[in-house]
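Undergrad: For the sequence shown, position 286 (counting from the first letter as 1) is numbered 287 according to the numbering used here, and the numbering increases by one without interruption. Would you mind keeping the following structure in view while I ask a few things?
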Amino acid sequence: MDRPLLQNAKSEIADKKRNSLRKKAWFSLGLWQHPRLRKDWTTLHDEDDQHVQSLNAFFDTMFAFAISHLGFSVRAGQDLASMLHWGQRFGIYLSLWLSTVDYSSRFDNDDVPHKAFWSLYGIGALGMMIHGTGGSQSPNSCILSLCMGYLYTLLALHYYRNAFHLPSCRIFCVIRGSVHLCCSILAIVAYGNLGIQELVFWLLTCAYPISLAILFAGREVRFRIWYKHLAREDAMKLLDPPYHIEFHIGRLSSFTMMVLGQLALATAIHPEEGFANPKGLYSSVVFAFVVLLSMKLFLFDVDYYETEDHALSRSWIRGIIWRMLFPFGVAGIANLGTGVALLIGVVGKSQPPVDEDFARGIACFSLSVFLLVGAIQKKLHRVPYTKLMEDSGHDGQAQI
Numbered sequence: 002m003d004r005p006l007l008q009n010a011k012s013e014i015a016d017k018k019r020n021s022l023r024k025k026a027w028f029s030l031g032l033w034q035h036p037r038l039r040k041d042w043t044t045l046h047d048e049d050d051q052h053v054q055s056l057n058a059f060f061d062t063m064f065a066f067a068i069s070h071l072g073f074s075v076r077a078g079q080d081l082a083s084m085l086h087w088g089q090r091f092g093i094y095l096s097l098w099l100s101t102v103d104y105s106s107r108f109d110n111d112d113v114p115h116k117a118f119w120s121l122y123g124i125g126a127l128g129m130m131i132h133g134t135g136g137s138q139s140p141n142s143c144i145l146s147l148c149m150g151y152l153y154t155l156l157a158l159h160y161y162r163n164a165f166h167l168p169s170c171r172i173f174c175v176i177r178g179s180v181h182l183c184c185s186i187l188a189i190v191a192y193g194n195l196g197i198q199e200l201v202f203w204l205l206t207c208a209y210p211i212s213l214a215i216l217f218a219g220r221e222v223r224f225r226i227w228y229k230h231l232a233r234e235d236a237m238k239l240l241d242p243p244y245h246i247e248f249h250i251g252r253l254s255s256f257t258m259m260v261l262g263q264l265a266l267a268t269a270i271h272p273e274e275g276f277a278n279p280k281g282l283y284s285s286v287v288f289a290f291v292v293l294l295s296m297k298l299f300l301f302d303v304d305y306y307e308t309e310d311h312a313l314s315r316s317w318i319r320g321i322i323w324r325m326l327f328p329f330g331v332a333g334i335a336n337l338g339t340g341v342a343l344l345i346g347v348v349g350k351s352q353p354p355v356d357e358d359f360a361r362g363i364a365c366f367s368l369s370v371f372l373l374v375g376a377i378q379k380k381l382h383r384v385p386y387t388k389l390m391e392d393s394g395h396d397g398q399a400q401i
């Protein structure tokens, strides 16, 4: 009697495992599906298991390595021109990456069209990184502009596809897709016109903040024309699809950690000629590691915020400001790695010699930007102390 019962129990367990595998398989809902939102306004606060996936982490790592690689051109040039070139390429890379994160924080699928999209996107991103070096008149610049046009076209087409299949966010997708299409047209025009290429590159450096400004302005215009009879909170639910805040924060946090981790690589790679002062070299390396560890503690371990206390959750305006500041914070981290690496070369007396004034200036300026941006971003959150005071009824003592 016990044996049949045991066999039935094993069979039920096996069936449950098979069903679980089918549900988790990427093709469980079909090979060709309509686009879907990660969250809608009815499921915004529901718990789920949609965390940063391996594909997302793969592209985050690609862009983090690309940003780290840009720092070597600054170490080679050690002048204002190399810094401006670094800022331009950094802005181009990060604007494109942030635009991709915004898309994947709202829309998600595992069907064949999405897999094809991300595969084509990866090829274009790799091509852009290959041709990211050199000035506006270099042979790489034309191919770089072509790759950017290709990537923005992919994003625009996917937004238009979502607009076709998702009536609830059709206007939002058309606006966002049109912004990306304009970026694509600019990049393609720059491919054949070297005279305006530098100007176009600087415009694409600011593509992400410009797109946020356009989205904000379009949202306000639609609210005042079509939904002014509704409360703002209710109207916003009709105007824009929500993004998955936990997923979005996770992507930005993991990317920041990757860029911070790349600083260790930047400080470790130096010219083959070596150093004339080994004692200075190793003492400065220890100091550099302490600086990097302190930055990590400042970013991730000093304060803890619940999702609802994050600036992205508190209000749309706070979220916009926080997202506008994010590129400057990452730039401060990435450039500080370059500055620290140059200072190691100064103390260790590397060959060829390092411009000490430039090394000191870039390190101090980058650290100042990092601390200033970090302090402002933390002020945009609701700190745990404030939340505890508000929840306990001591609003007068809460530090808002």
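Using N, Cα and C, we set each Cβ at its ideal position, and we do this for glycine too. Fair warning: this is a prediction, and the values are worked out from it, not measured in the lab.
Relative to the C-alpha of residue 371, which residue among 57, 332, 287 is closest?
TA: Of 57, 332, 287, the residue nearest in Cα terms is 332.
Undergrad: Quick one: is residue 268 buried, meaning 16 or more other Cβ sit within 10 Å of its Cβ, or exposed?
TA: Classification for residue 268: buried.
Undergrad: Have a look at 246, 185, 165, 70 and flag the residue whose alpha-carbon is nearest the alpha-carbon of residue 402.
TA: Outside the shown range of the chain, which is 2 to 401, sits residue 402, and nothing can be said about it.
Undergrad: Is there contact here, the stretch 359 to 375 with the stretch 103 to 115, by at least three beta-carbon pairs under 8 Å?
TA: Taking 8 Å as the limit for Cβ pairs, the verdict is that the stretch 103 to 115 does not touch the stretch 359 to 375.
Undergrad: Return the CA-CA distance between residue 194 and residue 127, expressed in angstroms with no decimal places.
TA: Straight-line Cα distance between these residues: approximately 23 Å.
Undergrad: Below 8 Å, how does it come out for the stretch 211 to 223 and the stretch 172 to 192: are there three or more Cβ pairs, yes or no?
TA: Segments in contact, yes.
Undergrad: Extract the residue ranges of the alpha helix (DSSP H) inside the stretch 196 to 229, only unbroken runs of 4 or more that lie entirely within it.
TA: Listed in chain order, they are 208 to 227.
Undergrad: Rounded to a whole number of angstroms, what is the C-alpha to C-alpha distance between residue 362 and residue 58?
TA: Cα to Cα, the separation comes out at about 33 Å.
Undergrad: Rank 206, 246, 329, 341 by C-alpha distance to the C-alpha of residue 314 and give the top, closest one.
TA: Residue 314 has its Cα closest to that of 246, out of 206, 246, 329, 341.
Undergrad: Which residue marks the beginning of the alpha helix (DSSP H) containing residue 1, and which one marks its end?
TA: An answer regarding residue 1 cannot be provided, because it is not within the stretch 2 to 401 covered by the chain.
Undergrad: Have a look at residue 34 and residue 112 and give me their C-alpha separation to the nearest angstrom.
TA: So the alpha carbons of these two residues sit roughly 6 Å apart.
Undergrad: Would you decide whether residue 218 is buried or exposed? Buried here means 16 or more other CB atoms lie within 10 Å of its CB.
TA: Exposed, since its Cβ has fewer than 16 Cβ neighbours within 10 Å.
Undergrad: I'd like the list of long-range same chain contacts for residue 323, defined as Cβ closer than 7 Å, with 5 residues on each side in sequence excluded.
TA: Within the same chain, residue 323 has close Cβ partners 312, 313, 378, 381.
Undergrad: Using the C-alpha atoms, what's the distance from residue 204 back to residue 92?
TA: Answer to the nearest angstrom: the Cα atoms are 10 Å apart.
Undergrad: Give me whichever residues DSSP pairs with residue 38 in a beta bridge.
TA: Paired residue(s): 108.
Undergrad: Pick from 60, 339, 368: whose alpha carbon is nearest that of residue 78?
TA: Among 60, 339, 368, the Cα nearest to that of residue 78 is on 339.
Undergrad: Whole angstroms is fine: what's the gap from residue 168's alpha carbon to residue 296's?
TA: Looking at the two C-alpha atoms, the distance is approximately 44 Å.
Undergrad: So, is residue 232 buried or exposed, given that buried needs 16 or more other C-beta atoms within 10 angstroms?
TA: Label assigned to residue 232: exposed.
Undergrad: In this structure, does DSSP put residue 261 in helix, strand or coil?
TA: If DSSP states are grouped into helix, strand and coil, residue 261 belongs with the helices.
Undergrad: Quick check: the Cα distance between residue 383 and residue 350, rounded to an integer number of angstroms?
TA: Cα to Cα, the separation comes out at about 46 Å.
Undergrad: Work out the CA separation of residue 124 and residue 226 for me, nearest whole Å.
TA: Taking the straight line from one Cα to the other gives about 42 Å.
Undergrad: If you measure between the beta carbons of residue 192 and residue 120, is that distance less than 8 Å?
TA: No, the Cβ-Cβ distance between residue 192 and residue 120 is not below 8 Å.
Undergrad: For residue 164, I'd like the list of residues in its chain whose CB is within less than 7 Å of its CB, leaving aside the five on either flank, ordered along the chain.
TA: Same-chain partners within the cutoff: 171, 174, 175, 178.
Undergrad: Considering just the uninterrupted stretch of the alpha helix (DSSP H) at residue 116, what are its terminal residues?
TA: Residue 116 -> alpha helix (DSSP H) spans 113 to 131.
Undergrad: Comparing C-alpha positions only, which one of 327, 300, 255, 348 sits nearest to residue 289?
TA: Nearest C-alpha to residue 289: 348.
Undergrad: Return the residue from the list 240, 244, 300 that minimises the CA-CA distance to residue 256.
TA: That would be 300, whose Cα lies nearest to the Cα of residue 256.
Undergrad: By the 10 Å Cβ neighbour count, where 16 or more other Cβ atoms means buried, how is residue 166 classified, buried or exposed?
TA: Answer is exposed; the Cβ neighbour count stays below 16.
Undergrad: Using 8 Å for Cβ pairs, my map puts residue 87 next to residue 75. What's the rounded Cβ distance?
TA: Indeed they touch by this definition, with Cβ atoms about 5 Å apart.
Undergrad: Please report the straight-line C-alpha distance between residue 359 and residue 135, rounded to a whole angstrom.
TA: Looking at the two C-alpha atoms, the distance is approximately 21 Å.
Undergrad: Determine, using beta carbons only, whether residue 337 and residue 240 come nearer to each other than 8 Å.
TA: No, they are not a contact pair.
Undergrad: Can you tell me the Cα-Cα spacing of residue 69 and residue 100, whole angstroms?
TA: Taking the straight line joining both Cα atoms gives about 20 Å.
Undergrad: Once DSSP output is grouped into helix, strand and coil, what is the label at residue 350?
TA: The answer is coil: DSSP assigns residue 350 none of H, G, I, E or B.
Undergrad: Short of 8 Å in beta carbon distance, which residues of its chain neighbour residue 261, apart from the five on each side in sequence? Order them along the chain.
TA: Excluding positions up to five away in sequence, the list reads 293, 296, 297, 300, 334.
Undergrad: Note down the Cα distance separating residue 143 from residue 234, rounded to an integer number of angstroms.
TA: So the alpha carbons of these two residues sit roughly 45 Å apart.
Undergrad: Using the rule of at least 16 other Cβ atoms within 10 Å of the residue's Cβ for burial, across every protein chain shown, is residue 196 buried or exposed?
TA: Under this definition residue 196 is an exposed residue.
Undergrad: DSSP state of residue 26, grouped into three classes?
TA: Only weak support is given to the placement of residue 26: the predicted model assigns it a pLDDT of 49, under 50, and the value that follows is read from those uncertain coordinates. Of the three classes helix, strand and coil, the one that applies to residue 26 here is coil, per DSSP.
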